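Those letters in the sequence shown? Residues 1 to 763, per full-length UniProt numbering, in order.
Working notes for the structure below.
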Amino acid sequence: MNEEPSVTEGQAGWRLWWNSRGIKTQQQDCPNQDAHDTTNTEVASSNAAGVTETALNNTQDVKNESHNADQTADNKSWYANLMSKVSSIGLGNHEDAFIIEAGIHYSQLNEVQLRRVKEDSLQKVARRANSWCWFEDLTAINDNSKSWLQRSGLISVQGTSSEHCPFPLEHYPAITATGYEVYLQDSLIMPSRSPLDILHTQSLKSKVAAAVKSYYNFPSEKHLYLKENTDGLLRSKNVLIISVVGSLPDKYEKFSLGEQRSAYYLARKLAQSVDHEVPSAISSLSFECPLDSKELDTVLKETIALLDNWKDIFKDVSSIFFIGVYHSVPLVISLAQYILKNHDVLGFAASIPVGLLAIESILQGYRFWDHSTDAINSDERSYQKIQQAREKQLFQGVGKEEKEILLKHRHYRKLDSEESKLVQKNLDWLLYNWDSFRLNFCGKIYDNFMTASQKLAIDYVHPKILRNLWCDGRHLGCDLKHPDKWDIPDVDIKTPKFECTIRIPGNRAFEITLLNCLLLALNLGYTEFVPIMKLLSPFFISRSFNENTMSPSLKKQKLSEMKTWLQEIDAKSRPDTEGPHDELPKSVSTVHKFMEFALYHNSRSPEVLKVHSEIYDDDTVYSAFIENTIKTRSPLIKKHLRLLDDHSAPQSILNAVNQFDLVWKFHEFISDYAKLRNLPHQEHPEGLNFSISLGYSLWQQSYADPTMFQRNNQEAICRLKQIWESYQDWDPPTRGLKQLKNILSVLSLYNEFSHLLQDITGK
Numbered sequence: 001m002n003e004e005p006s007v008t009e010g011q012a013g014w015r016l017w018w019n020s021r022g023i024k025t026q027q028q029d030c031p032n033q034d035a036h037d038t039t040n041t042e043v044a045s046s047n048a049a050g051v052t053e054t055a056l057n058n059t060q061d062v063k064n065e066s067h068n069a070d071q072t073a074d075n076k077s078w079y080a081n082l083m084s085k086v087s088s089i090g091l092g093n094h095e096d097a098f099i100i101e102a103g104i105h106y107s108q109l110n111e112v113q114l115r116r117v118k119e120d121s122l123q124k125v126a127r128r129a130n131s132w133c134w135f136e137d138l139t140a141i142n143d144n145s146k147s148w149l150q151r152s153g154l155i156s157v158q159g160t161s162s163e164h165c166p167f168p169l170e171h172y173p174a175i176t177a178t179g180y181e182v183y184l185q186d187s188l189i190m191p192s193r194s195p196l197d198i199l200h201t202q203s204l205k206s207k208v209a210a211a212v213k214s215y216y217n218f219p220s221e222k223h224l225y226l227k228e229n230t231d232g233l234l235r236s237k238n239v240l241i242i243s244v245v246g247s248l249p250d251k252y253e254k255f256s257l258g259e260q261r262s263a264y265y266l267a268r269k270l271a272q273s274v275d276h277e278v279p280s281a282i283s284s285l286s287f288e289c290p291l292d293s294k295e296l297d298t299v300l301k302e303t304i305a306l307l308d309n310w311k312d313i314f315k316d317v318s319s320i321f322f323i324g325v326y327h328s329v330p331l332v333i334s335l336a337q338y339i340l341k342n343h344d345v346l347g348f349a350a351s352i353p354v355g356l357l358a359i360e361s362i363l364q365g366y367r368f369w370d371h372s373t374d375a376i377n378s379d380e381r382s383y384q385k386i387q388q389a390r391e392k393q394l395f396q397g398v399g400k401e402e403k404e405i406l407l408k409h410r411h412y413r414k415l416d417s418e419e420s421k422l423v424q425k426n427l428d429w430l431l432y433n434w435d436s437f438r439l440n441f442c443g444k445i446y447d448n449f450m451t452a453s454q455k456l457a458i459d460y461v462h463p464k465i466l467r468n469l470w471c472d473g474r475h476l477g478c479d480l481k482h483p484d485k486w487d488i489p490d491v492d493i494k495t496p497k498f499e500c501t502i503r504i505p506g507n508r509a510f511e512i513t514l515l516n517c518l519l520l521a522l523n524l525g526y527t528e529f530v531p532i533m534k535l536l537s538p539f540f541i542s543r544s545f546n547e548n549t550m551s552p553s554l555k556k557q558k559l560s561e562m563k564t565w566l567q568e569i570d571a572k573s574r575p576d577t578e579g580p581h582d583e584l585p586k587s588v589s590t591v592h593k594f595m596e597f598a599l600y601h602n603s604r605s606p607e608v609l610k611v612h613s614e615i616y617d618d619d620t621v622y623s624a625f626i627e628n629t630i631k632t633r634s635p636l637i638k639k640h641l642r643l644l645d646d647h648s649a650p651q652s653i654l655n656a657v658n659q660f661d662l663v664w665k666f667h668e669f670i671s672d673y674a675k676l677r678n679l680p681h682q683e684h685p686e687g688l689n690f691s692i693s694l695g696y697s698l699w700q701q702s703y704a705d706p707t708m709f710q711r712n713n714q715e716a717i718c719r720l721k722q723i724w725e726s727y728q729d730w731d732p733p734t735r736g737l738k739q740l741k742n743i744l745s746v747l748s749l750y751n752e753f754s755h756l757l758q759d760i761t762g763k
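Printed below as a string of C-alpha cells:
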C-alpha cells in the first residue's frame, strides 16, 4: 500500500482544481446551463497572431509553434462546439473550394485564408467522413499541469485545404469535455503486469540448444526472453507514438465495445506511461478514420497521404509505439508495415524497438453468443437464425453502405478470407523482417460480444506476440460504493493519489486462477492449450457485462440500488470545502470519503466530474505493453508467422456434444500442464490493483528475480492445486459460468488434490 501525502511535483494544486473546475456542493452540483453556454470560446482569426510570417519547412519548428498556441477550452460537447465555430459559413457553403498546394506552410496564409482552412477542416471533422491527423508534442507530459483541453497541436484533414497544410488548433477537436476526470481503478492484468514477472534471461546452454534445433529444423525458442539489461532503455531517447481509432455507428459501438476512446486519448495515456522511462522527447500522431463508411484500403491511402506532412518527425526516432482498437487494428498493422518498409526514406534505423498494442482486436473476427436463447442441441439452422437475429440488432439504424463495410469484420474469423490474408501478409512481414517488433494483444475477460480467444487472436502464433487479459473488478462483484466490504484502507490522503491491493472474492477466484494459468502457458509458446482456451472463452460471455445490453430486470435492479445509495449520500451533511491550499477538504480527505464524493458526482453531475475505470484508462495496460516491447530480447532465429486454424470453439455452450468435448479437453489440460517445467512462481490468489489518481500516470516498478524459476514441474503442480482449491468455493453469477461449473463438477468429486492428480497423470 502506497500513499503519497504531498502534491506530486509539477501537478496543479488541489485547491486550484477545486475552485476552478466548478465542483459544487450537494445543493449546487448542477451549474446553470445558460450561463455556461455564454462562455463558449470561438475560434477567431486572432488565433493566427503570433505565427511567424516566414515559411517554416521542418516539423520541429512547427512543434515549437504549437506550444505557444494554447488557449482555455470550454465544456460543451465537441460536436456543438465545432458547429458553433463554423456557423458563420454554414454547412451548405457554396464558396469556391480553397486549394492549398503541397509545400505551403500555414504561416504563409493571411488571416482570411487561415480562417477558411480552419472552418473547412472542422466541418469535415464534425461529419466524421474524412480521415484526419493530430500532431502534439507530449514531452514530459506528467510534469505538465495543463488539462486535456488546454494543450494545442496541429491538425490535418484529408479532403480539405489542410490536407497538405497542417495548422495549429487550441485543443483536440473531437473530445467530449468534462469538468474534471478522476481515475478509480480496481482491475487486474494477466498473466502479469510486467514481463519481468514471467520471463527470464536466456542461458548460454539454451542459446546453443536453440541454434542446434534450428539447424535440424526442430521447433525452438517458442517464447521471448528478457534482455540482460532492462534499465534506462528509453532514457534520453526520442519516442514516437502513433494511435489510430476508427469511427463506429453509435448503437454498434455501444452494443459491441460499450465505448471506445479517441486516438488522442490513447496517445496521451500511453505517453504518460512512456514518460516514466525518461525519454528526451515524446511526439504523437493521432489518426481518426472513417472505418465505418470507407474501405480499409481507401482509409490506408488517406492516412499515408496525411503522414507525408509529418515525415520529418521520424528522423532519428529511437522507438515507435503503435496503438489501435477493434477494427482499426488491421489498419494499424498495414500502416506500421508501410512506415517500417520506408525507414530509410523517413530517416530512422532498422534496429529501433517497435511495438503495436491491439486492444479488443478484431483479428479473429466475431460471432454472437446468446446463452439465454441457445438451444440445448442446436443444429446449424437454429445457429444461423440466432446469428441473423443478433446481427440485425447490431446493425440497427445503420445505412446500407455502412453495413456492407462493417459486415466484413466477421470475415476475419476465416483465416482464408481476403481480409484475414491481408492482415497475415502484413503481420508476417513485420514479425519476420523487423527484428525488434513486438505485437501485444490486450482484451477484457468479461464481455457481451467477443470472447477472449478471439480478442487475443490465439490462432496467430509467433514468439514476438504477447497477450494480456484485463479483468474489471466490477464483474467480480467488487462494488466501490462500499469500500469497507473490500478491505480498502480508509487512510487520510492530502491529494487524490492512492494505491493498494485488494483481495479477489473467494467465490470468483477460480475464473481468474484458471485463465491466468492458461494465458501464461500461451505466452510461453505452449500452443497445445489453444483448444481448451477456445472452449472455455464463450462461458465468459454475458450481456450483463455491458450496461447497454443487460436485461431490463437487471438494469432496473442496478438503477434501484444506485438510487438508494444516492439518497443515503444526499441525507448526509453538506461537504466542507474549506482546507489548506493544495490539500483535500476535511470532508473528503480519506480514501473512503473521496471515493464516495467522486462516485456521487459522477452520477449526479458528470459534466462536473467524471470517473474513469475502463480498460483504456488503466495505466498497467500501457506499462505492460511498453515493457513487453523494450525489455524482451528478440529470438536468435527469424521466424515466420504461423497459423493454427483450430476449430475447437463451440457453437453453443449448452450443446451436449460440446460439453462432453470440454470435459475431455480439460482432462488433457491437467495432464499436459502437470508436465510443464520452469514456470515462474506467482503469488496466489492474485489481488486486484486499486488506485485513485487524477490526470497523471501511476507506475509500479518491476524487477526480474531468477529465483522464481525452478527447473522442475513443481510450480505447474502448485498451480493445478490452486485451480482445484478455488473451484470448491466457486459461486459464479451468470448463466454461462454456472453452466461451466456444472460441466467441471468432476473437480468436486475429489477430497484431495493428490487423488485427482493421480487419477489423471497416474503418479
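Just so you know, even glycine gets a beta-carbon here, dropped at the ideal spot from N, CA and C.
Since the structure is predicted, the reported quantities are computational estimates derived from the model, not experimental observations.
Locate the alpha helix (DSSP H) running through residue i, then write down its first and last residues.
i: V608; result: Premise fails: V608 is in no alpha helix (DSSP H) and is neither H nor E.
i: Y264; result: A263 to V274
i: L644; result: That residue, L644, is in no alpha helix (DSSP H); it is neither H nor E in DSSP.
i: R438; result: Counting along the chain, R438 falls outside any alpha helix (DSSP H), though it belongs to the beta strand (DSSP E) covering F437 to K444.
i: D628; result: Strictly speaking, residue 628 in this sequence is Asn, with Asp absent from that position. Counting along the chain, the alpha helix (DSSP H) containing N628 begins and ends at D619 to I630.
i: N516; result: A509 to N523
i: F321; result: Run containing F321: none in the alpha helix (DSSP H); it sits in the beta strand (DSSP E), S319 to V325.
Span of the beta strand (DSSP E) holding residue i?
i: N468; result: I465 to D472
i: E499; result: F498 to I502
i: A281; result: A281 to C289
i: Q185; result: E181 to M190
i: L354; result: In the sequence on display, residue 354 carries Val and not Leu. That run of the beta strand (DSSP E) goes V354 to I359.
i: V157; result: G153 to V157
Taking the alpha-carbon of residue i as reference, which of the options has the nearest alpha-carbon?
i: H482; options: I626, L566, F321 and G443; result: L566
i: R151; options: Y600, Y172 and S131; result: Y172
i: L406; options: E528, L248 and L331; result: L248
i: D120; options: S107, I99, T139 and A140; result: I99
i: V761; options: D672, L340 and A571; result: The question names Val, but residue 761 is Thr in the sequence shown. Answer by Cα proximity: D672.
i: L204; options: S194, R193, Y225 and L184; result: Y225
i: T513; options: S542, T495, C471 and N229; result: C471
i: L340; options: V354, P330, S328 and V329; result: V354
i: N678; options: F709, F669 and L234; result: F709
How many Å lie between residue i and residue j at the Cα?
i: H105; j: C133; result: 16 Å
i: R410; j: S214; result: 37 Å
i: F666; j: D729; result: 19 Å
i: K444; j: L524; result: 20 Å
i: E402; j: K414; result: 21 Å
i: G687; j: L154; result: 42 Å
i: S603; j: L439; result: 37 Å
i: L757; j: I359; result: 37 Å
i: A674; j: N516; result: 15 Å
i: K497; j: S691; result: 7 Å
i: Q393; j: Q387; result: 10 Å
i: V423; j: L233; result: 30 Å
What would DSSP say about residue i, mapped onto helix, strand or coil?
i: C478; result: coil
i: residue 813; result: Examination of residue 813 is not possible in this model, given that the chain is present from 1 through 763 alone.
i: I760; result: helix
i: L599; result: helix
i: P680; result: strand
i: L169; result: strand
i: F753; result: helix
i: S351; result: coil
Next on the checklist: Counting beta carbon pairs with one atom in the region 650-658 and one in the region 261-268, are three or more of them shorter than 8 Å?
Outcome noted: no
Checklist entry - Below 8 Å, can you find three or more Cβ-Cβ pairs linking the region 725-745 to the region 687-702? => result no
Next on the checklist: Pairs of beta-carbons, one from the region 448-465 and one from the region 164-171, closer than 8 Å: are there three or more?
Outcome noted: no
Checklist entry - Do the region 520-540 and the region 632-651 touch if we need at least three Cβ pairs shorter than 8 Å? => result yes
Checklist entry - Does the count of Cβ pairs from the region 149-164 and the region 489-496 closer than 8 Å reach three? => result no
Item to check | Touching by the beta-carbon criterion (3+ pairs, under 8 Å), the region 712-723 and the region 200-218 | outcome: no
Checklist entry - Do the region 322-329 and the region 231-247 meet, that is, are 3 or more Cβ pairs less than 8 Å apart? => result In the pairwise beta carbon analysis, the region 322-329 is classified as touching the region 231-247: at least three pairs are separated by under 8 Å.
Checklist entry - Hey, is the region 326-344 in contact with the region 293-306, meaning 3+ C-beta pairs nearer than 8 Å? => result Cβ pair count under 8 Å is three or more, so yes.
Checklist entry - On the three-pair Cβ rule with 8 Å, is the region 424-438 touching the region 624-639? => result yes
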